[in-house]
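Order-wise, the sequence lines are chains X and R.
Mapped onto the working numbering, the consecutive letters of the first sequence carry residue numbers 3 to 268.
Mapped onto the working numbering, the consecutive letters of the second sequence carry residue numbers 269 to 532.
Backbone N, C-alpha and C define an ideal beta-carbon position, used for all residues, glycine too.
As the structure is a prediction and not an experimental result, all values here were calculated from the model.
Structure first, commentary second.
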Amino acid sequence: MERLKQSPLLRVEDLRKGFGDRTILSGVSLEIPRGSLFTVLGPSGAGKSVFLKCLADVIRPDSGRISFDGRSLDHSDSEARMDFRKRCSFLFQSNALFDSLTALENVSLPLEQTTTLADKEIRERSLEALRQLEIDGFGGHYPSQLSGGMQKRLALARAIVTRPELVLFDEPTAGLDPLRRNAVFEMIAKYKRQFDFTALVVTHDIVEALVASDRVALLNEGRVCFEGTPDGFHASGNPVVQAFRDSVGSLESSLAAIRTEPRTIS
Amino acid sequence: MTRMMAMLHLIGRKALDTVFGLGDYALFTGRSFSAVMHSKRMWKRIIRAVYEQGTVCLPVILIVGLFTGLVLGLQGYHVLSRFGSVGLLGSLVSLSLVREMGPVLAALMLIGQGGSALAAELGIQRNSEQIDALETMGVSTHGYLVAPRLLASLLVFPAQTALFVVIGFWGGGLSGSLLLGVDSGVYWSSIQNAVESRDIRECFLKAAAFGLLSISICAYQGFHSHRGGAETGARAVSASTTRAVVFSSIMVLVADYVISSFFI
Numbered sequence: 003m004e005r006l007k008q009s010p011l012l013r014v015e016d017l018r019k020g021f022g023d024r025t026i027l028s029g030v031s032l033e034i035p036r037g038s039l040f041t042v043l044g045p046s047g048a049g050k051s052v053f054l055k056c057l058a059d060v061i062r063p064d065s066g067r068i069s070f071d072g073r074s075l076d077h078s079d080s081e082a083r084m085d086f087r088k089r090c091s092f093l094f095q096s097n098a099l100f101d102s103l104t105a106l107e108n109v110s111l112p113l114e115q116t117t118t119l120a121d122k123e124i125r126e127r128s129l130e131a132l133r134q135l136e137i138d139g140f141g142g143h144y145p146s147q148l149s150g151g152m153q154k155r156l157a158l159a160r161a162i163v164t165r166p167e168l169v170l171f172d173e174p175t176a177g178l179d180p181l182r183r184n185a186v187f188e189m190i191a192k193y194k195r196q197f198d199f200t201a202l203v204v205t206h207d208i209v210e211a212l213v214a215s216d217r218v219a220l221l222n223e224g225r226v227c228f229e230g231t232p233d234g235f236h237a238s239g240n241p242v243v244q245a246f247r248d249s250v251g252s253l254e255s256s257l258a259a260i261r262t263e264p265r266t267i268s
Numbered sequence: 269m270t271r272m273m274a275m276l277h278l279i280g281r282k283a284l285d286t287v288f289g290l291g292d293y294a295l296f297t298g299r300s301f302s303a304v305m306h307s308k309r310m311w312k313r314i315i316r317a318v319y320e321q322g323t324v325c326l327p328v329i330l331i332v333g334l335f336t337g338l339v340l341g342l343q344g345y346h347v348l349s350r351f352g353s354v355g356l357l358g359s360l361v362s363l364s365l366v367r368e369m370g371p372v373l374a375a376l377m378l379i380g381q382g383g384s385a386l387a388a389e390l391g392i393q394r395n396s397e398q399i400d401a402l403e404t405m406g407v408s409t410h411g412y413l414v415a416p417r418l419l420a421s422l423l424v425f426p427a428q429t430a431l432f433v434v435i436g437f438w439g440g441g442l443s444g445s446l447l448l449g450v451d452s453g454v455y456w457s458s459i460q461n462a463v464e465s466r467d468i469r470e471c472f473l474k475a476a477a478f479g480l481l482s483i484s485i486c487a488y489q490g491f492h493s494h495r496g497g498a499e500t501g502a503r504a505v506s507a508s509t510t511r512a513v514v515f516s517s518i519m520v521l522v523a524d525y526v527i528s529s530f531f532i
């Protein structure tokens with residue numbers, strides 16, 4: 003907890019992004035504490051993935067300022083952006099694994115292309131990453147031959163093999179059943195602790211996120227409506243937070259209302 | 269008047285889009301070549317690209333080369349026999365193949381098989397965020413995905429063209445000598461007398477130029493398949509693959525005319 007009090011690893015100020023006439027992000031400001039598991043919550047279409055892709059430099063924001071470890075990631079400063087890319091990894095919602103490469107080749111790829119390590123060391127580090135993620139028996143398999151959970155772990159192995167300080171997770175639990183959602187958050191928390199990286203997760207899975215995270219933020223209509231601890235989120239009187247929080251129990255109340263309605267058979 | 273203005277607006281928009289597209293394509297190709305300097309473990313990727321472009325296209329090159337030679341021999345024999353010049357069949361077949369048909373047809377076959385596959389592969393990689401993943405890793409996407417293919421094309425296109433031409437000679441000989449009775453020695457010595465080193469230079473220059481042009485166009489279309497306007501997903505990949513084949517085939521014919529005009 004002591005480390006959370008240090009200067010933020012990532013600072014976002016007034017980030018704005020639109021596509022044509024549609025505004026997606028309208029002035030997002032956040033600070034991601036070093037060593038934390040920070041979750042950005044929000045309903046579908048709130049701009050969470052766009053926010054994360056702006057941070058990862060996949061999408062260029064219209065305006066705003068992003069600083070990593072105290073250094074501004076200005077688009078004219080290619081050295082700072084390259085340094086950021088070396089110290090940051092991105093886990094895509096779709097995993098974005100290379101289907102023409104084996105699991106071992108997928109994990110080796112960032113080391114082969116961005117470091118000057120010898121082939122032997124690259125192989126050792128890649129095998130080590132596969133072993134730590136408990137998929138070391140599948141190095142010769144192609145991603146299509148692995149289950150969904152194993153693909154997720156393979157994508158995480160590829161993300162951590164470069165030993166990043168920050169890992170960005172884009173909807174890591176999308177399309178998974180509740181058991182697997184728990185397992186994914188457990189995996190993030192476990193490996194965050196093991197490899198000592200800062201994790202920034204965007205998701206709409208409120209239950210798992212509030213249990214696993216150190217801090218949460220709620221993004222709604224391109225703005226941050228809440229930022230604080232999970233306890234603070236539970237206690238918040240903010241109407242948007244309340245609506246999002248209550249949406250978990252809304253199915254039960256909606257069904258109860260439907261059950262009390264009189265049957266109308268024509 | 270309003271209709272006229274709308275038409276002028278449309279023409280202007282299309283012209284601007286074309287100029288923007290050409291500039292963007294030139295930058296893409298330039299970036300891919302400059303990435304050669306910074307890319308790591310390039311040889312492995314070049315060998316893989318040579319295999320993908322070369323081996324996969326080999327059967328179609330052999331078949332089309334053989335039948336082109338057979339048809340040239342057949343048609344050439346009937347035209348030349350009217351003038352009593354069947355002894356020049358070898359010259360006709362060889363010069364047609366070396367100067368024009370070999371480089372052009374081999375390039376079109378390679379575009380149909382290797383170029384379309386490249387555009388589709390890059391389109392799918394764009395669609396499934398694999399290219400974005402490379403960018404987030406700090407990997408040069410031009411250096412990793414495009415540059416090895418461009419360098420491989422400089423080797424594969426001339427080699428496949430040479431193979432196409434040699435098989436075509438053999439096909440011409442097959443129909444001329446074996447089926448139509450032209451003396452085999454006359455046929456092959458006519459080839460030897462007709463083809464000069466200048467023709468071979470032209471043939472290889474065309475093959476290399478067609479290779480660079482077509483592979484860069486196919487790579488550009490696949491790489492930017494997400495810019496296809498309203499089309500997304502599988503439709504965007506399909507549209508970009510079609511554009512890749514059509515544009516590169518047209519550009520091969522345009523380049524053929526330009527290079528030929530310098531050599532004549």
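If the cut is a Cβ gap below 7 Å, which residues of chain R does T116 of chain X touch? M405, G406, V407
Which residues in chain R sit within 7 Å of F100 of chain X, going by Cβ to Cβ distance? Q398
Confirm, please, whether the CB-CB distance from D64 of chain X to G20 of chain X is below 8 Å. yes
Using a threshold of 8 Å, state whether the C-beta atoms of I68 of chain X and L54 of chain X are closer than that. Going by C-beta atoms, I68 of chain X is not nearer than 8 Å to L54 of chain X.
Mind checking P416 of chain R: buried by the 16 CB within 10 Å criterion, or exposed? buried
Give the residues from the segment 284-314 of chain R that approach chain X closer than 9 Å (Cβ to any Cβ), ordered along the chain. S307, K308, R309, K312
Quick one: grab the DSSP three-state call for K308 of chain R. coil
Under 9 Å by beta carbon: chain X residues contacting Y412 of chain R: L111, Q115
Mind checking whether G141 of chain X and T164 of chain X have CB atoms under 8 Å apart? no
Does the beta-carbon of D76 of chain X have 16 or more other beta-carbons within 10 angstroms, so that it is buried, or is it exposed? exposed
Exposed or buried, M84 of chain X, counting other C-beta atoms within 10 Å across all chains shown (16 or more means buried)? exposed
Contact check, S443 of chain R vs L376 of chain R, beta carbons under 8 Å: no
Mapping the DSSP letters down to three states, classify T200 of chain X as helix, strand or coil. strand
Is any beta-carbon of chain R found at less than 8 Å from that of R133 of chain X? no
In chain order, what residues of the same chain have a beta carbon less than 6 Å from the beta carbon of T509 of chain R, not counting five sequence neighbours either side? S384, A387, A388
Report the start-end ranges of each beta strand (DSSP E) in the segment 55-98 of chain X that is 3 residues or longer and not cut off at the edges. 65-70, 90-93
Short CB-CB distance (under 8 Å) between A401 of chain R and chain X: Interface residue, yes.
Below 8 Å, can you find three or more Cβ-Cβ pairs linking the segment 397-407 of chain R to the segment 342-358 of chain R? no
Based on DSSP bridge pairs, tell me the residues matched to F228 of chain X. X:L220
DSSP three-state label for S359 of chain R, please. helix
Quick check on this structure: which residue in R:I518, R:S493, R:S516, R:F515 has the alpha carbon closest to the alpha carbon of S506 of chain R? R:S493
Taking DSSP as the reference, what is the three-state secondary structure of G20 of chain X? strand
Is there a Cβ from chain R that is less than 8 Å from the Cβ of K88 of chain X? yes
Could you check which residue in R:S452, R:I518, R:K474 has the C-alpha nearest to that of A430 of chain R? R:K474
Measuring alpha carbon to alpha carbon, tell me which residue in X:V109, X:L113, X:T117 is nearest I137 of chain X. X:V109
Within this structure, are the beta carbons of V366 of chain R and D467 of chain R separated by less than 8 Å? yes
Answer with yes or no whether the minimum CB distance from F53 of chain X to chain R is below 8 Å. no
Do you know offhand how far L132 of chain X's Cα is from T25 of chain X's? 41 Å
Does DSSP put V332 of chain R in a helix, a strand or coil? helix
Please determine, among X:V42, X:L17, X:P35, the residue with the shortest C-alpha to C-alpha distance to F246 of chain X. X:V42
In terms of residues, what are the limits of the alpha helix (DSSP H) holding T404 of chain R? Counted as a single uninterrupted DSSP element, the alpha helix (DSSP H) harbouring T404 of chain R occupies residues 398-405.
Under 8 Å by beta carbon: chain R residues contacting V60 of chain X: The contacting residues are D400, E403, T404.
Note down, in chain order, every chain R residue with its Cβ under 7 Å from the Cβ of S96 of chain X. S396, E397
DSSP state of P371 of chain R mapped onto helix, strand, coil: DSSP places P371 of chain R in helix when its eight states are reduced to three.
Taking only beta-carbon positions, decide if F92 of chain X is within less than 8 Å of chain R. yes
Unbroken stretches of the beta strand (DSSP E), 3 residues or longer, contained in the segment 108-135 of chain X: none
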